[in-house]
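Numbering (the working numbering), first residue to last: 83 to 246.
See below:
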């Protein structure tokens, strides 16, 4: 979202944009809590949305909601520089959760799909005062964990120096 708000025409994605890191919406978590409360027990269950989209698919879905047509610059393998091409979801192997235990033990059925939740999420983030502030101030824990995810000078330098 930030790249779109900053009007960045290209995004660099490590691992060819094919990394999968299973998202979960609050709607899914709420449904699992509702079902588990009705069937108390000792168990461990995953909480994940029905699909595990790739980083590229997540970017495309966000672009669609925001009415943006950004270009993905795909990098084979890991990020080419410390602050270029990485996302919180960029992983070398998929992180995908199996929901069959929740289905079997609680009767869980998906309540929403990832793309269905995006308009609400985008609207909520855009409407917060944090959207106008420096992202590191608005999301300090994210900045602490992931470093500079929006180092546009480093991205532009890498893009200018790469073979086309």
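Using N, Cα and C, we set each Cβ at its ideal position, and we do this for glycine too.
Supposed contact pair residue j and residue i - C-beta distance, whole angstroms, cut 8 Å
i           : j           : result
residue 190 : residue 131 : Not really, about 12 Å apart at Cβ, beyond 8 Å.
residue 92  : residue 141 : With a Cβ gap of about 11 Å, residue 92 and residue 141 do not count as contacting.
residue 178 : residue 134 : 4 Å
Nearest to residue i (by Cα), restricted to the options the options
i           : options               : result
residue 138 : 220, 108, 149 and 103 : 103
residue 119 : 187, 161 and 201      : 187
residue 113 : 143, 193 and 221      : 193
residue 175 : 95, 101, 90 and 164   : 101
residue 107 : 220, 129 and 209      : 129
residue 170 : 117, 226, 154 and 201 : 226
residue 149 : 133, 223 and 201      : 201
Reduced DSSP secondary structure (H/G/I, E/B, other) of residue i
i           : result
residue 154 : strand
residue 244 : coil
residue 110 : helix
residue 117 : helix
residue 93  : strand
residue 125 : coil
Buried or exposed by the 16-neighbour rule on C-beta atoms within 10 Å, applied to residue i
i           : result
residue 241 : exposed
residue 216 : exposed
residue 168 : buried
residue 97  : buried
residue 99  : buried
Min CB distance residue i to chain C below 8 Å
i           : result
residue 135 : Absence of chain C from the displayed structure is noted, only one protein chain being present.
Can you check the region 162-237 for any alpha helix (DSSP H) of at least 4 residues that lies completely inside it and give the ranges in chain order? Look at the region 162-237 and you find these whole runs of alpha helix (DSSP H), each 4 residues long or longer: 182-188, 196-209, 217-220 and 222-228.
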